[in-house]
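Below you'll find the structure, written out as C-alpha cells, and then a few comments.
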Amino acid sequence: MPSFLAFKSIVDPSDCDFLGHMNVSKYFAACSDSVFALQAEMGLTAEDMRSGRKLSFAVVHTSSDFRAELSAGEAIEMESEVLEI
C-alpha cells in the first residue's frame, strides 16, 4: 500500500505546554487520528468497528523519536503506509 496523507492540522495554542511547545499527549492524539484514517483507507468503516465486523487496530507497542519542537501556528502532517502484514 503506498503512503498517503493520514493527518493534517495546525498546532493550536491549547495543544501546547507551558513552554509553548506541542504537548507529547497531542502527538499521540495525532497518531491515533491517523490510524483511523489508515483503517478507512483499508476499507474499515465506523460501522465495521462498532457493531458490524467489530474489527479495529490496536496499539500493542509504541515508541517515539524526538525530531523538533512544534509551536502554535505550525503545520503538522502525518503520512501512513502498511509495510507488512
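Take the sequence shown: its position 43, counted from the start at 1, is 45 in the numbering used here, and no numbers get skipped.
We put the beta carbon where it would ideally sit given N, CA and C, even for glycine.
Should residue i go down as buried or exposed, given a rule of 16 or more other Cβ atoms within 10 Å for buried?
i     : result
Lys28 : buried
Val26 : exposed
Leu72 : buried
Which residues share a DSSP beta bridge with residue i?
i     : result
Ser11 : Ile78
Ser65 : Note: Ser65 sits in no beta bridge, so no partner.
Ser53 : Paired residues: none, contrary to the question.
Whole-angstrom Cβ separation of residue i and residue j, contact assumed at under 8 Å?
i     : j     : result
Glu88 : Pro4  : With the chain represented from 3 up to 87, any question about residue 88 goes unanswered, as that position is not in the structure.
Cys33 : Met24 : That pair is no contact at about 13 Å.
Ala39 : Ala8  : 4 Å
Lys70 : Pro15 : One point to set straight first is that residue 70 is Ala, not Lys, in the sequence displayed. With 8 Å as the limit, Ala70 and Pro15 do not qualify as a contact, their Cβ atoms being about 18 Å apart.
To the nearest angstrom, how far is it from the Cα of residue i to the Cα of residue j?
i     : j     : result
Ser21 : Phe30 : The residue asked about is misnamed: residue 21 is Leu in this sequence, not Ser. Cα to Cα, the separation comes out at about 18 Å.
Glu49 : Leu57 : 9 Å
Could you tell me whether any non-hydrogen atom of the ligand NAD is closer than 8 Å to the CB of residue i?
i     : result
Glu71 : The ligand NAD is not part of the structure shown, which contains no ligands of any sort.
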